[in-house]
Amino acid sequence: MILRAMTWNIHGGIGTDGVCDMRRVMTLIRRQAPDILAVQEVESRGRGTEHCGFSLLRAMTEHTAHAETIQAHDGSYGHMLISRWPIKHSAIHDLSHAQREPRVAIEATIATPSGALHVVATHLGLRGAERRRQAASLAALVRRLEGPLVVLGDFNEWSWRGPVWRALSKSMPGRTQQRTFPSRFPLLKLDRIFCRPARLLGESWRDSSGRDASDHLPVIAELNMQKVVRPEGLEPPTNRVEAGCSIQLS
Numbered sequence: 009m010i011l012r013a014m015t016w017n018i019h020g021g022i023g024t025d026g027v028c029d030m031r032r033v034m035t036l037i038r039r040q041a042p043d044i045l046a047v048q049e050v051e052s053r054g055r056g057t058e059h060c061g062f063s064l065l066r067a068m069t070e071h072t073a074h075a076e077t078i079q080a081h082d083g084s085y086g087h088m089l090i091s092r093w094p095i096k097h098s099a100i101h102d103l104s105h106a107q108r109e110p111r112v113a114i115e116a117t118i119a120t121p122s123g124a125l126h127v128v129a130t131h132l133g134l135r136g137a138e139r140r141r142q143a144a145s146l147a148a149l150v151r152r153l154e155g156p157l158v159v160l161g162d163f164n165e166w167s168w169r170g171p172v173w174r175a176l177s178k179s180m181p182g183r184t185q186q187r188t189f190p191s192r193f194p195l196l197k198l199d200r201i202f203c204r205p206a207r208l209l210g211e212s213w214r215d216s217s218g219r220d221a222s223d224h225l226p227v228i229a230e231l232n233m234q235k236v237v238r239p240e241g242l243e244p245p246t247n248r249v250e251a252g253c254s255i256q257l258s
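Quick look at the structure:
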């Protein structure tokens with residue numbers, strides 16, 4: 009079975025024209041029809057129902073996990089993991105660095121028709137020092153998870169041999185290579201999909217039609233589940249939430 013994974017930093021639905029229009033975001037997502045979707049910079053602060061990212065994305069499926077890393081009186085901000093199939097187990101890992109924007113990783117075990125798949129969705133920090141620490145935490149998490157695994161999101165990694173690459177290259181050998189930022193003239197590979205084993209990763213691409221909807225382009229990849237054999241009797245970790253930010257799972 010071939011699955012489709014997608015990651016996209018939607019910039020709160022604000023396009024390169026400065027207009028907030030979640031309809032453009034939702035149109036592209038529906039056209040790509042991912043089975044597994046990670047979305048960063050989901051915004052509901054000061055938004056009406058029409059442009060509330062959390063509500064619109066949750067309406068796509070009952071299988072979601074979301075992290076509201078910033079909360080205000082008029083809404084919240086964070087990122088989401090969305091699945092076509094049930095999320096059997098989930099956890100939130102706090103990756104926050106002192107005096108910087110709160111950051112987390114959403115870990116989930118998804119019950120696909122081809123078997124269990126571990127997925128980690130994240131959005132890392134802007135400064136090198138915090139990314140080094142966050143990348144080390146991600147690498148430790150990856151080592152604890154057994155079986156096929158996908159790690160995807162906005163890694164904010166400007167250098168092709170930066171801390172994220174150094175931390176994950178050996179344990180997550182399959183990775184996408186598309187340039188995604190800025191969306192109008194993409195030069196940097198900030199958004200990636202990492203896979204273990206490498207043969208799990210199939211064809212990958214970016215959707216350039218998203219250049220008006222956000223400052224990032226989405227990355228989409230096929231996952232070759234038929235090439236991956238999950239060990240019999242392997243049990244995923246139980247639900248847990250690590251302290252450090254406000255989390256809601258649904």
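The numbering used here puts the sequence shown at residues 9 to 258. Every residue, glycine too, gets a C-beta built ideally from N, C-alpha and C.
Distance check for residue j and residue i, CA to CA, integer angstroms please.
| i | j | result |
| --- | --- | --- |
| Ala113 | Leu195 | 25 Å |
| Lys235 | Ala229 | 15 Å |
| Leu11 | Gly182 | 15 Å |
| Lys197 | Glu165 | 7 Å |
| Leu65 | Lys178 | 33 Å |
| Arg92 | Asp25 | 31 Å |
| Ala80 | Arg207 | 43 Å |
| Arg139 | Asp199 | 14 Å |
| Gly155 | Glu115 | 14 Å |
| Ser98 | Leu134 | 26 Å |
| Asn17 | His87 | 9 Å |
In terms of alpha-carbon separation, which member of the options lies closest to residue i?
| i | options | result |
| --- | --- | --- |
| Ala75 | Pro94, His81, Glu49, Ala67 | Glu49 |
| Ala221 | Phe163, Phe189, Ala13 | Phe189 |
| Arg38 | His19, Ile18, Met68 | Met68 |
| Pro110 | Asn17, Asp25, Leu132 | Leu132 |
| Leu71 | Ile95, Gly83, Ile78 | The question names Leu, but residue 71 in the sequence shown is His. His71 has its Cα closest to that of Ile95, out of Ile95, Gly83, Ile78. |
| Ala148 | Ala137, Ser167, Ala175, Arg169 | Ala175 |
According to the neighbour-count rule (16 or more other Cβ atoms, all chains shown, within 10 Å of its Cβ), is residue i buried or exposed?
| i | result |
| --- | --- |
| Thr15 | buried |
| Gln142 | buried |
| Gly23 | buried |
| Pro171 | buried |
| Pro42 | buried |
| Phe62 | buried |
| Gly54 | exposed |
If we call anything under 8 Å between Cβ atoms a contact, is residue i one with residue j?
| i | j | result |
| --- | --- | --- |
| Gln186 | Val227 | yes |
| Ala129 | Gly161 | yes |
| Leu146 | His126 | no |
| Ile201 | Ala13 | yes |
| Ser52 | Gly21 | no |
| field | Ordered list of beta strand (DSSP E) runs contained in the region 172 to 225, each at least 3 residues | value | For the region 172 to 225, the full-length beta strand (DSSP E) segments reaching 3 residues or more read 199 to 204, 209 to 214 along the chain.
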